[in-house]
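Participant: Quick one: structure below, then a few questions.
There are 2 protein chains.
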Amino acid sequence: MMINIPNIVERLREIMADESSDQLRDELNGYHVADLADIFQELKPEERLQCFKLLDLEKAADLVEYLPPQMQVEILGDIDEEIASRIINKLPHDAAADVLGDMEEDESETYLDKLPHKFSEEVRELLTYNEDTAGGIMNPIVLTVNSDMSVQDVLNHIRVKAEEDNMELYYVYVVDKQNHLLGVVSLRKLLTSPINQKVADIMISDIVRLHVDDYSDYIVDEFMKYQYNALPVVDLYNRLKGMITWDDVHDLFEEETTEEIYQSSGISTVVVDEDEILTGNVFKAVRARTPWLFITLIGEFLAVNVAHHFNGALTALPIIAIFLPLLTGLGGNIGTQSITLMVRGLSTGQVTLSSALHHILREAFIGLCIGVFFGAMVVLVTWGWQHNVELGIIVGLAMAINMTLATIIGSFTPFALKAAKIDPAIASGPVIATTIDVVGLAIYFTLVSIFLLKVS
Amino acid sequence: MMINIPNIVERLREIMADESSDQLRDELNGYHVADLADIFQELKPEERLQCFKLLDLEKAADLVEYLPPQMQVEILGDIDEEIASRIINKLPHDAAADVLGDMEEDESETYLDKLPHKFSEEVRELLTYNEDTAGGIMNPIVLTVNSDMSVQDVLNHIRVKAEEDNMELYYVYVVDKQNHLLGVVSLRKLLTSPINQKVADIMISDIVRLHVDDYSDYIVDEFMKYQYNALPVVDLYNRLKGMITWDDVHDLFEEETTEEIYQSSGISTVVVDEDEILTGNVFKAVRARTPWLFITLIGEFLAVNVAHHFNGALTALPIIAIFLPLLTGLGGNIGTQSITLMVRGLSTGQVTLSSALHHILREAFIGLCIGVFFGAMVVLVTWGWQHNVELGIIVGLAMAINMTLATIIGSFTPFALKAAKIDPAIASGPVIATTIDVVGLAIYFTLVSIFLLKVS
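Chains as they are written, first to last, in numbering that gives the first Met the number 0: chain Z, 0 to 455; chain P, 0 to 455.
Quick look at the structure:
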């Protein structure tokens with residue numbers, strides 16, 4: 000059932016060219032909104048607008064939730080203001096707050112004034128929270144019941160409330176009169192319990208809960224760990240403020256992963272927002288990419304300095320220079336592999352600080368194995384090609400030492416950072432590769448000086 | 000509410016030392032199983048066993064689901080066989096199949112013979128599917144109803160069935176007599192519809208479904224795209240075979256992410272299973288890491304060859320050699336950034352083939368900006384330090400050209416692979432870095448030969 004988006008886009012373009020908007024309307028409204036979102040990604044802005052205007056209001060609202068933030072703002076800004084505010088009114092509160100939060104302030108104020116008072120009040124409250132915290136992510140509309148209600152009461156209550164507020168429904172939260180969170184009941188439990196049983200008897204009171212100020216990385220970790228579909232969000236006094244569902248988290252999770260991957264190649268997501276690096280202002284992208292490269296530059300000047308220190312060796316035996324990229328390249332690569340494994344392992348919990356020594360030794364052994372094997376290859380190739388056994392052996396030896404050291408440096412650094420309570424993902428490849436360059440050059444030139452030039 | 004695992008482990012060890020197993024039992028049974036799983040990760044095997052034996056049967060079964068595969072097999076193998084089979088019997092079918100599938104065959108056969116006939120038959124069927132496909136991941140126990148049942152009938156049915164089979168409940172699936180999948184009804188819809196309404200009237204028939212042979216990466220994509228809590232799994236003839244829930248997918252998603260990160264540094268997950276690379280046999284890990292390094296080695300021999308070609312230049316002016324690591328290092332790093340951005344963008348859908356040219360030009364411009372800036376720095380530093388303006392200008396120029404080319408090569412390659420229907424994640428950093436090394440050296444030496452040695 001793989002959907003071929005490019006084919007669909009092509010057909011839609013043909014229908015648009017025919018100007019038969021009835022056919023286009025039927026076609027568009029027949030797709031799942033998740034597919035429509037993919038299709039919209041491929042359309043040009045003016046095509047997008049033309050298609051969006053033909054969607055039923057429900058479908059349009061559903062679709063908006065699936066679109067990336069920029070496109071949401073772009074489309075809602077281009078359509079009739081009246082229709083846009085009806086669409087926003089159909090969004091869940093958290094999605095409405097996200098959309099309005101991404102608009103210019105005067106634009107979002109216009110919409111907030113047009114929306115029903117209760118809705119806009121609730122959305123305004125969401126907008127006061129930092130958008131990277133639970134308060135900014137949660138949906139404030141939660142189904143709550145009292146602990147002395149019976150199962151039948153709750154089912155009746157759901158029938159009225161859930162329909163009326165277009166509410167997401169996974170759990171029913173039990174609160175007291177002041178809205179303090181007391182317990183949680185799953186729908187499954189509700190449906191399988193005797194209908195006259197009291198909520199107090201079937202609720203779970205040991206609740207995993209989030210706090211409005213919890214940051215998104217913590218929220219993702221909690222969801223990944225406890226594997227619930229939804230978690231309640233409370234304030235400092237344990238008053239229920241909203242809930243976060245797993246589909247909110249799945250976007251956060253994708254963002255977290257992207258950040259982790261970006262950091263591994265030294266792209267900073269601290270100074271520039273993650274989604275601006277790929278598509279935003281070019282100079283912001285330059286700013287995100289320069290810091291670690293700049294540190295690499297300084298590190299490489301150090302490497303130049305090391306090489307310069309051995310200028311005598313280079314002058315006496317210029318041929319040794321041609322092996323520099325071979326040594327630095329392979330050392331950097333295997334060292335990066337070690338960092339990648341340790342950083343990822345620390346992030347998923349497969350690797351812990353208490354197992355640091357084991358992993359460093361394991362990496363060193365792997366580096367030694369591959370280093371000796373590759374070193375031997377280098378000896379053979381250099382011998383066959385340059386007919387210079389001595390030089391081959393020195394290069395091969397440097398290769399083996401360099402690759403072993405690279406795995407040690409690459410695996411040690413993440414643990415050291417973690418122990419110092421610094422995010423090991425920042426132990427980014429670029430910096431380590433530079434360190435390995437410096438160390439590798441020093442070893443190679445020293446070996447050359449001692450054994451080939453007989454200088455000590 | 001951050002839980003401090005090391006502190007808890009320490010306290011548990013003190014209680015174990017006191018040999019007061021009642022206190023230990025109470026303490027252990029009070030934790031959420033997700034926390035217990037984290038605690039178990041930190042314990043030594045014999046401590047783990049001691050603690051596990053004190054858990055209530057329900058809790059033990061819940062915990063097993065949260066433990067990593069190796070630890071599941073280890074613990075169940077160490078406890079009494081009778082108790083182990085009772086624990087396995089309490090697991091959902093998919094979890095039971097996972098545990099048994101990880102055991103030696105004679106061991107799993109022993110358990111399968113001990114288990115109730117119906118349960119073991121169903122688990123045996125699951126074991127026939129490839130564990131990376133929907134068939135191997137799904138839970139076969141699904142709540143099904145007929146389309147002519149009323150809402151009240153369904154609610155009564157749930158009350159009996161869900162309790163009896165310890166069933167996960169998100170949606171109710173509507174099937175015909177031959178078990179063909181006809182539609183789906185959410186619990187929310189059930190609870191908010193009039194109780195005498197027919198299922199046929201409230202069910203959704205345009206169902207996103209998985210096929211038993213769909214692979215895990217496709218399953219993850221479908222869940223991420225459609226954001227459902229559960230998806231039904233059907234066979235070739237649309238007969239309902241089971242369902243997959245989002246907590247199954249969240250493990251798959253973490254695995255996919257790990258594979259993507261591993262591939263980016265040239266660690267192959269094709270020849271060796273992903274979870275064996277970090278903790279399995281060392282020589283398997285060597286095998287996973289060698290292939291791309293080997294290709295790098297060959298590429299770097301090419302670089303050596305290029306450098307050797309300019310041996311004359313090196314002999315005439317050995318000082319030029321000391322800048323090699325600077326040039327290759329920075330070219331490699333900025334090129335790796337470009338690959339990372341494109342590969343990740345293609346994977347999340349933020350970047351598409353149709354926007355390839357835009358992104359390559361954008362990357363080239365970013366490379367040019369950073370390259371010119373860094374090139375200027377190199378000119379200044381070399382001038383201040385070597386008092387050699389000419390050499391500084393050549394190195395700086397090579398730097399600017401090299402960094403620009405690196406971004407072009409780094410962004411072009413993933414698109415080319417994607418267009419050739421090859422997974423762009425395989426465009427792994429190591430190989431590109433080598434390519435950039437070769438090109439960079441050629442440019443640098445050519446510039447040196449033309450402008451410094453006046454040889455053309």
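Every residue, glycine too, gets a C-beta built ideally from N, C-alpha and C. Given the structure is predicted, the values throughout are model-derived calculations rather than measurements.
1. I'd like to know if HIS307(Z) contacts chain P, where contact means its C-beta is closer than 7 Å to some C-beta of that chain.
2. According to DSSP, simplified to helix, strand and coil, what is GLY29(P)?
3. Does PHE411(Z) get closer than 7 Å to chain P when you measure Cβ to Cβ?
4. In whole angstroms, what separates the C-alpha of MET242(Z) from that of VAL430(P)?
5. Does ASN228(Z) get closer than 7 Å to chain P when you measure Cβ to Cβ?
6. Strictly under 7 Å for the Cβ-Cβ distance: is ILE435(Z) near chain P by that measure?
7. Hey, which unbroken runs of the alpha helix (DSSP H) at 4 residues or more fall wholly within the segment 166 to 247 of chain P?
8. Measure from the alpha carbon of ILE365(Z) to the alpha carbon of each residue in PHE282(P), ILE140(P), ILE359(P), then state which is nearest.
9. Excluding five sequence neighbours on each side, which residues of the same chain lie with their C-beta closer than 8 Å to the C-beta of PHE118(P)?
10. Taking Cβ-Cβ distances shorter than 8 Å, what residues in chain Z pair up with ARG85(P)?
11. Can you check whether the C-beta of ASP422(Z) is within less than 7 Å of a C-beta belonging to chain P?
12. Apply the 10 Å Cβ neighbour rule to GLN262(Z) and answer buried if 16 or more other Cβ atoms are within range, or exposed otherwise.
13. I'd like the span of the alpha helix (DSSP H) that includes THR327(Z), first residue to last.
14. Between the segment 156 to 163 of chain Z and the segment 197 to 214 of chain Z, do at least 3 Cβ pairs fall closer than 8 Å?
15. Any idea which residues DSSP pairs ASN138(P) with across the strands?
16. Relative to the C-alpha of TYR65(Z), which residue among SER353(Z), ALA33(Z), ILE425(Z) is closest?
17. Quick one: which chain Z residues come within Cβ less than 8 Å of SER263(P)?
18. So what does DSSP say about VAL269(P), is it helix, strand or coil?
19. Strictly below 9 Å CB to CB, what residues from chain Z border ASP38(P)?
20. Considering only the beta carbon of each residue, do LEU186(P) and LEU186(Z) sit closer than 7 Å?
21. Measuring CB to CB, does ILE400(P) end up less than 7 Å from THR434(P)?
22. Against chain P, does PHE444(Z) count as a neighbour if the rule is that its beta carbon must be under 7 Å from one of theirs?
23. According to DSSP, is VAL447(P) helix, strand or coil?
24. Rounded to a whole number of angstroms, what is the C-alpha to C-alpha distance between ALA320(P) and ALA312(Z)?
25. Any beta-carbon of chain Z closer than 7 Å to the one on CYS50(P)?
26. Looking only at its own chain, which residues have a Cβ that is under 7 Å from the Cβ of PHE457(P), when we skip the five neighbours before and after it?
27. Quick one, which of ILE201(Z), ILE333(Z), PRO324(Z) has its alpha-carbon nearest GLY330(P)'s?
28. CA-CA distance, GLY374(Z) and ALA287(Z)?
29. Tell me whether the beta-carbon of VAL72(P) lies closer than 7 Å to the beta-carbon of ASP101(P).
30. Name the residue from ASP131(Z), GLY135(Z), SER84(Z) whose alpha carbon lies nearest to the alpha carbon of LEU111(Z).
31. Starting from the Cα of SER354(Z), find the closest Cα among LYS43(P), THR257(P), VAL171(P) and give me that residue.
32. Residues of chain Z with CB under 8 Å from TRP382(P), in chain order?
33. When burial is assigned at 16 or more other CB atoms within 10 Å of the CB, is ASN155(Z) buried or exposed?
34. In the DSSP output, which residue or residues are listed as bridge partners for THR143(Z)?
35. Under 7 Å Cβ-Cβ, which residues of chain Z neighbour GLN336(P)?
36. Just checking: is the beta-carbon of VAL143(P) within a distance shorter than 7 Å of some beta-carbon in chain Z?
Facilitator: In terms of the structure at hand:
1. At a cut-off of 7 Å between beta carbons, HIS307(Z) contacts chain P.
2. coil
3. no
4. Cα to Cα, MET242(Z) sits roughly 46 Å from VAL430(P).
5. The beta carbon of ASN228(Z) falls within 7 Å of a beta carbon belonging to chain P, placing the residue at that interface.
6. no
7. Fully enclosed alpha helix (DSSP H) runs of 4 or longer: 186 to 191, 198 to 201, 215 to 225.
8. PHE282(P)
9. ASN88, HIS92, ALA95
10. None at all; the shortest Cβ gap to chain Z is about 23 Å.
11. So, not an interface residue.
12. buried
13. Counted as a single uninterrupted DSSP element, the alpha helix (DSSP H) harbouring THR327(Z) occupies residues 323 to 347.
14. Touching, no.
15. MET242(P)
16. Nearest option by C-alpha distance: ALA33(Z).
17. ILE260, SER263, SER264, THR339
18. coil
19. The amino acid at residue 38(P) is misidentified as Asp; the sequence shows Ile. The contacting residues do not exist; ILE38(P) stays about 12 Å from chain Z at best.
20. yes
21. no
22. no
23. helix
24. Near 11 Å, if we compare the C-alpha coordinates of ALA312(Z) and ALA320(P).
25. no
26. This structure does not reach residue 457(P), given that chain P is present from 0 up to 455, and the question cannot be answered.
27. PRO324(Z)
28. Taking the straight line from one Cα to the other gives about 37 Å.
29. In contact: VAL72(P) and ASP101(P) (Cβ atoms closer than 7 Å).
30. SER84(Z)
31. LYS43(P)
32. Residues of chain Z passing the Cβ test: none, with the nearest at roughly 13 Å.
33. Per the 10 Å Cβ criterion, exposed.
34. Note: THR143(Z) sits in a beta bridge opposite TYR172(Z).
35. SER264, GLY265, ILE266, ARG288
36. The question names Val, yet the displayed sequence has Thr at residue 143(P). Cβ-Cβ to chain Z under 7 Å: no for THR143(P).
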